[in-house]
Amino acid sequence: MDYRLSHIKQLESEAIFIMREVAAQFENPVLLFSGGKDSIVMLHLALKAFHPAKLPFPLMHVDTGHNFPETIKFRDELVEKLGERLIVRLVQDSIDQGKVAEEKGANASRNRLQIVTLLDGIEEFNFDACLGGARRDEEKARAKERFFSHRDEFGQWDPKNQRPELWNLFNGRKHFGENFRIFPLSNWTELDIWQYILWENIDLPPIYFSHKRRVFSRHGTLLAESPFVTLGENEVVEERVVRFRTVGDMTNTGSVESPANSVEDIVSEVASARVTERGARADDKRSETAMEDRKKEGYF
Amino acid sequence: MESDIKDNEMDLLRFTTAGSADDGKSTLIGRLLYDSKSIFEDQWEAIETSSKKKGDENVNLALLTDGLKAEREQGITIDVAYRYYATPRRKFIIADTPGHIQYTRNMVTGASTANLAILLVDARNGVIEQTCRHAFIATLLQIQHIVVCVNKMDLVDWEEEAFRKVESEFRKFASRLDLADVRFIPISALLGDNVVDRSKNMPWYGGSPLLETLETVYIGDAQNHVDARFPVQWVVRPQSSEHHDFRGYAGRVASGVFKPGDEVTVLPSGFTSRIKAIHSMDGEQSEAFAPQSVSMLLYDDIDISRGDMIVKPNNKPNIGQDIEAMICWFSYTETLRPGSRFLMKHTSKEVKAIVRESRYKVDVNTLHKVESDPEFKLNEVGRISLRVSAPLFYDSYKNNRTTGSFILIDMNTNATVASGMII
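If you read the sequences in order, they're chains Z and G.
Reminder that position 79 of the first sequence reads as 79 in our numbering, one-by-one numbering, no gaps.
Reminder that position 1 of the second sequence reads as 1 in our numbering, one-by-one numbering, no gaps.
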């Protein structure tokens, strides 16, 4: 008898195991949900982990206000269909309260501002563990992240003082005021995510699939025309057939020209891709250690 | 579409890499990723730019894995970095662990989930203390396969003699260890010889290059499919009228196989029942085996909670409060000695533990037992006996990696301070 599990099934089982550990080890966890493909896969795995019961934690979206409208619509419809609880906290509120200042200039982004809104949300609800869909293959600083990532009372990550993680034994013990970021998809790659979406027949927002959109080229990526972006002098908007490989803010998430309009097409496209999915994210290109710097401050 | 389904059915090899500071470990991993076309253009451009900035002559492949600012500044690897790549045959998870003596805990961490370990040896220096240390840890953590890569063969003029010398030195040391499967490959990580493609510079080597070895090594026996062990992680109890009688015991099969209808015993209560269904969102399953995550439904309504274990009545684990174990001590600031108290995590159970005796420490360079000093300091390995606050359901680590392993947690700092392998 051959009792081997395919790599996708092993990753699924590992992620479900982590979700259940979180439910058991923490008093007040939350699943960070953005409406992007990784968080949709997270939600799917969470439903599997606790089926047929409801999720033992709510979802929270830190909404920059610069999201693609298609993503927000998808988010709301999905949550409604499942009957799960969604908390939305707005970066705009943090700006209005004077807690953060909007960045200025052509490349202004709300990416960094999210940190404050997130930390405020954690404090408001006393969340002690935030489940996130980050993967180690996304970015080099993430490659050193633990499944259970400890944050001090200021929400900061200390990469040089991480708890060793051995076997399947996860240490979620903490002092008052501290919390954890938990990453069940740590061992997944972009291709694994897409294969899983295909395998499980998971619905996604339409912007992941090929569509016509008015875009312009900036620093080698194709940004969508939107009310949140000011065009530079030589930037010209034109209609192209594109899709998005990740879903972040309209201000910094580039699209790629692609005819892929089914998950099957995307799996083959990703399998032969020559640029990482974050290659189209201007927020990571700011400096060599942009991600590490944001993570230390409390970014997930 | 057919080929994509096949991709889904690849299996998974987890391996760890160990070597000392300048053995070229990061370069080797960079090479594996680069030559298997797992490095993307933007990653390549990024390290090309950084290499130029630092004045490196060649593109520095090590920059791919050294993700933290301090690592890039100092040109060293500090923490375990995980890397992923796939070939049409397999998906690979690499735990890249630093070789510095003070970071042994990272190797133990990387080794704890690995099926295979690559030990890098510099052909010019031969087997050194750290090689022995790494081989010992690989044995301690029961890694099934060891591949000794004799690196920098370009710097010894591709000579077979240098390679054979490392091979015999290693075999001599390893004869005192319980290593299952050891292979030796002469390589040049920098130039790519015998990494992905067979080296033209070393026609005397008749074996497989590294990548082929990784793709073909047999890992079907990595799990214990004999001793049925199911640690209960969580009880699924839907608060809805539709499912109001539903009570699913959720967990990940640690070992063995469970089928509906099987008679089972629940520990610690000792009550016996039968499996009614093995349940997941995909429907009911005809069996469950390691490492599947499932929910189990039983015919009888027994009080079961997290930390309990479902087993078979004719094959029970050891049950007891006195534990003998090998440990590796991780704390920079604290030490372990007789009388020290900790929290212990073992499967889904958490108990208090007190060190009864510190039996011996192992000098990992000579493999000698040291009985004169009962105090464990950072990175020290040895045997202790523990008394725990409630019975554990355990097997020896040799027979069962999941029910034979534990971690110790400092009750003041909450830090993970030791890993334990039950004897």
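Where is the CB? At the ideal position from N, CA and C, for every residue including glycine.
Which of helix, strand or coil DSSP assigns to G:P291: coil
Would G:I146 and G:L190 be called neighbours here (beta carbons separated by less than 8 Å)? no
Using a Cβ-Cβ distance under 8 Å, would G:N8 count as near chain Z? Confidence in G:N8 is poor, its pLDDT being 47 and thus under 50, which makes the residue's placement too unreliable to answer from.
Starting from the beta carbon of Z:I207, find every residue of chain G whose beta carbon is closer than 8 Å, and list them in chain order. Simply none; closest approach about 21 Å.
Name, please, each residue of chain Z whose Cβ falls closer than 9 Å to the Cβ of G:A95. Simply none; closest approach about 10 Å.
Alpha carbon to alpha carbon, how far is G:I302 from G:V264? 12 Å
In angstroms, rounded to a whole number, what distance separates the CA positions of G:E380 and G:N365? Using only the alpha carbons, I get a separation of about 11 Å.
How about G:Y205: is its C-beta nearer than 8 Å to some C-beta of chain Z? no
For Z:N187, decide whether its Cβ has a neighbour in chain G, counting only Cβ atoms nearer than 8 Å. yes
How do the region 41-49 of chain Z and the region 11-29 of chain Z stand: do at least 3 beta-carbon pairs fall below 8 Å, yes or no? yes
Contact the region 281-298 of chain G vs the region 321-340 of chain G: 3+ CB pairs below 8 Å: Counting Cβ pairs under 8 Å, fewer than three are found: no touch.
Any beta-carbon of chain A closer than 8 Å to the one on Z:R213? Chain labels in this structure do not include chain A; the protein chains are Z and G.
Closer than 8 Å by beta-carbon distance: list the chain G residues that pair up with Z:N261, in chain order. Within chain G, no residue comes near Z:N261; the closest Cβ sits about 15 Å away, beyond 8 Å.
Please return the same chain residues whose Cβ sits closer than 6 Å to the Cβ of G:L211, not counting the five positions on each side in sequence. V196
Would you mind listing the beta strand (DSSP E) stretches within the region 13-86 of chain Z that are 3+ residues and don't spill past its ends, in chain order? If we require 3 residues or more, the beta strand (DSSP E) runs fully inside the region 13-86 of chain Z come out as 29-32 and 59-63.
Starting from Z:L113, find everything on chain G with Cβ-Cβ shorter than 8 Å and list it in chain order. Within chain G, no residue comes near Z:L113; the closest Cβ sits about 23 Å away, beyond 8 Å.
Which residues in chain Z sit within 8 Å of G:N414, going by Cβ to Cβ distance? N171, R173, K174 and H175
On the DSSP bridge assignment, give the partners of Z:R218 in chain order. Z:T221
What are the uninterrupted segments assigned as beta strand (DSSP E) that are 3 or more residues long and contained completely in the region 152-195 of chain G, given in chain order? 181-186, all fully within the region 152-195 of chain G.
Pull out every residue of the region 230-244 of chain G whose Cβ sits closer than 9 Å to any Cβ of chain Z, in chain order. Among the residues of the region 230-244 of chain G, those with a Cβ less than 9 Å away from any Cβ of chain Z are Q233, W234, V236, R237, P238, Q239, S240, E242 and H243, in the order of the chain.
Closest residue to G:P88 among G:L12, G:F258, G:S293 and G:E334 (Cα-Cα distance): G:L12
Of all Cβ atoms in chain Z, is any one closer than 8 Å to the Cβ of G:D11? yes
To which residues of the same chain is G:W433 closer than 7 Å at the C-beta, ignoring the five residues directly before and after it? Coverage of chain G is limited to positions 1 through 423, which leaves residue 433 of chain G absent and any answer about it impossible.
Going by the CB atoms, is the gap between Z:R240 and Z:R218 shorter than 8 Å? no
Mind listing the chain G neighbours of Z:P52? Cutoff is C-beta to C-beta under 7 Å, in chain order. P238, H243 and F246
Which same chain residues, not among the five before or five after G:T402, have their C-beta less than 6 Å away from its C-beta? A254
Residues within the region 255-279 of chain G neighbouring chain Z, beta-carbon criterion of under 9 Å: Cβ contacts with chain Z come from V257 and H279.
Return the chain-ordered ranges of every beta strand (DSSP E) run that is complete within the region 127-171 of chain Z and spans a minimum of 3 residues. 129-131 and 148-151
So, at 7 Å on beta carbons, what are the nonlocal neighbours of G:N8 in its own chain, with the 5 sequence-adjacent residues on each side left out? Only weak support exists for where G:N8 lies, its pLDDT of 47 falling under 50; the coordinates are left without a value.
Do G:M107 and G:I143 count as a contact pair if the criterion is CB distance below 8 Å? no
What are the residues that DSSP puts in a beta bridge with G:A418? Partner(s): G:W329 and G:L408.
Using a C-beta to C-beta distance shorter than 8 Å, which residues of chain Z count as neighbours of G:I409? N171 and R173
Are any of the Cβ atoms in chain G nearer than 8 Å to that of Z:Q10? yes
Could you tell me which of Z:L78, Z:I266 and Z:M60 sits nearest to Z:L86, measuring between CA atoms? Z:M60
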